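So the sequence shown is numbered by my numbering: it starts at -14 and just counts up by one.
The block underneath contains the structure these notes are about, expressed in structure tokens.
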Amino acid sequence: MVRKSESGQVVLILVLAATVVGTLVVSLASRSTVNLRTQTLDTERIKALKGAESGVEQALLSQSSVPVTGLGDGVSYVADYLDEGGTGMVSDLVDPGDVVDVLIEGADSGVNGVKIYFSSGSSAAVKISEYRVVAGNYLINSYAYDGEIWRVLANNFSIPGSGGTFEETVFESSKVISVSPTTSKLLRIMVLYSASKIGVKPVGGNLPDQQVVISSVGTYSVSADVDVKKRLELRKEMEKAPAVFDRVLYSNARLAQ
């Protein structure tokens, strides 16, 4: 009886061992399939991303929208090229010491001011320079505003008006700067103390376009009914001189290479 019991236990152990081995084989096979599919998806996404990047490059080169264009190997792209900012805009987050330029030359004849919003979630201040040409003479009007009263006592900045919500962004402060389309060329806004977005809203008409927005979609065709897509967006502001040149102008220093 003891031998029969031991024999039965041996058979049971062998069955359990075979079951475990079978489970491991199935698990490993399943894991290999998942890994293979993940690697395939990564490759497909990379190809679609390369298509989107090519669309951005072509739109920048042609300065216009690009129709659906094939690159071969199932990859294609399409890109939209838009000029924006004439009716107003909000910049990306600007670090202290960096600047945002607002082009005035070419604005509607009715434009008589530009409302500048600042301090988006921070206690930033701004220095605003208006570049003008009057009777062939280049002139600069400079303004400085700070909404923090305790700082104004030390820096002698002017106190701005209250802010508000503009282009879905909440600002603590704002100020209207008077401009003339016939003499004003440019507003340069330098952010001070804390990083902030800058809102720009024309008064009395539209400004010339301030930035280019490129939206590109790259597509990789896996099969006749399956596509992988990637989208890229590029916002390109107008060309501007580095902020260091402002420091040179106001300090009478020299640039040395």
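Ideal Cβ placement from N, Cα and C applies to all residues, glycine included.
Since this is a predicted model, take the numbers as computed values, not measurements.
- Contact between the stretch 36 to 47 and the stretch 159 to 169 is absent: fewer than three C-beta pairs spanning the two stretches fall below 8 Å.
- Restricting attention to beta strand (DSSP E) runs no shorter than 3 residues, the stretch 21 to 107 encloses them at 51 to 57, 60 to 69, 84 to 88 and 98 to 103, ordered along the chain.
- Shown here for asparagine 140: same chain residues with a beta carbon closer than 8 Å to its own, the five before and five after excluded, namely Ala110, Ala129 and Asp131 in chain order.
- For arginine 216, same chain residues with a beta-carbon under 6 Å away, outside a window of 5 residues either side, are Val202 in chain order.
- Comparing C-alpha distances from aspartate 83 to each of Val213, Ala180 and Lys186 shows the shortest one belongs to Ala180.
- Taking the CA atoms as reference points, valine 185 sits about 13 Å from valine 96.
- In this structure, isoleucine 183 places its C-beta atom within 8 Å of the C-beta atom of isoleucine 101.
- Around the C-beta of proline 52, fewer than 16 other C-beta atoms lie within 10 Å, and the residue is accordingly described as exposed.
- If you compare the alpha carbons of Val85, Asp93 and Ile134 with that of serine 114, the shortest gap goes to Val85.
- The residue from Ala209, Ile174 and Ser208 with its alpha-carbon nearest to that of leucine 88 is Ile174.
- Put simply, of Asp93, Ser61 and Ser104 the residue whose alpha carbon is nearest the alpha carbon of aspartate 77 is Ser104.
- Per DSSP, asparagine 126 lies in no alpha helix (DSSP H) segment; the continuous beta strand (DSSP E) that holds it begins and ends at 122 to 131.
- If you draw a straight line from the Cα of tyrosine 123 to the Cα of glycine 71, it comes to about 25 Å.
- Runs of the alpha helix (DSSP H) lying entirely within the stretch 116 to 194, each at least 4 residues long, are 134 to 140 in chain order.
- Residue pairing by DSSP puts aspartate 212 in a beta bridge opposite Ser206.
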